[in-house]
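The sequence shown lines up with residues 1 to 152 when you count with the UniProt record's numbering.
Report on the structure given below.
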Amino acid sequence: MDTASEFGRLIGPLRRAVLRTRRMEGLPDLPEAQIELLRTLAETDGATPREAAARLRIAPSTVSNLVRAMTAAGLVERTPSTTDLRTVRLTASPKALDMLDRYDRTSTTSLRHALDGLAPQSREALRLAIPALAELLTALEAQAPEEPGQVR
């Protein structure tokens, strides 16, 4: 068995299974890119578009497109800088923060229920794999090519 192939085949179905739990709870179906931007804004207590792009490793133009749609939906608030009128600070709106909390609670409840149905040794194997998965994410991010137009 090739670990990379098997793991790669499971990632998409696992992600979709978690996303289905959100839809079953009647939560809005936001694209993952929007959720990642909201998480970044929530974790950093706001950011400029350039800071958000650098943190997410995406092009600033991609952030601009996301922000345009998310501002219209009431998920992102734009506050002009008091020192540089060309700069804005982006923050997740209270509506977005509530949605993220509901997403996390729903996903956690669903995952907890599924994990409880596994054999004890499978639950323990998954618990022990969490640090390795975090390390894998870091390694993948380090080798990923930068998107065109990205500022570092």
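No residue lacks a Cβ here, since even glycine has one placed at the ideal position from N, Cα and C.
*So what's Arg86 in DSSP terms, helix, strand or just coil?*
Looking at Arg86 - three-state DSSP - the assignment turns out to be coil, as it is neither helix nor strand.
_Let's test the definition: count the other Cβ atoms within 10 Å of the Cβ of Arg78 and tell me whether it reaches 16, buried, or not, exposed._
By the neighbour-count rule (16 or more Cβ atoms within 10 Å), Arg78 is not buried but exposed.
*asked:* Classify Ala96: buried if its beta carbon has 16 or more other beta carbons within 10 angstroms, exposed otherwise.
replied: Result: buried.
*Given a threshold of 16 other Cβ atoms within 10 Å of its Cβ, counted over all protein chains shown, does Met24 qualify as buried or as exposed?*
Label assigned to Met24: exposed.
_Length of the line joining the Cα atoms of Ala52 and Leu140_ = Straight-line Cα distance between these residues: approximately 19 Å.
_Buried versus exposed call for Thr138 [16 or more other C-beta atoms within 10 Å across all chains shown]_ = Exposed, since its Cβ has fewer than 16 Cβ neighbours within 10 Å.
*So which of Glu6, Arg112, Leu90, Asp84 has the shortest CA-CA distance to Thr44?*
Nearest C-alpha to Thr44: Leu90.
_I'd like to know if the segment 35-44 and the segment 65-82 are in contact, where contact means that at least 3 CB-CB pairs between them fall below 8 Å._
By the Cβ criterion, the segment 35-44 is in contact with the segment 65-82, since at least three pairs of Cβ atoms, one from each stretch, lie closer than 8 Å.
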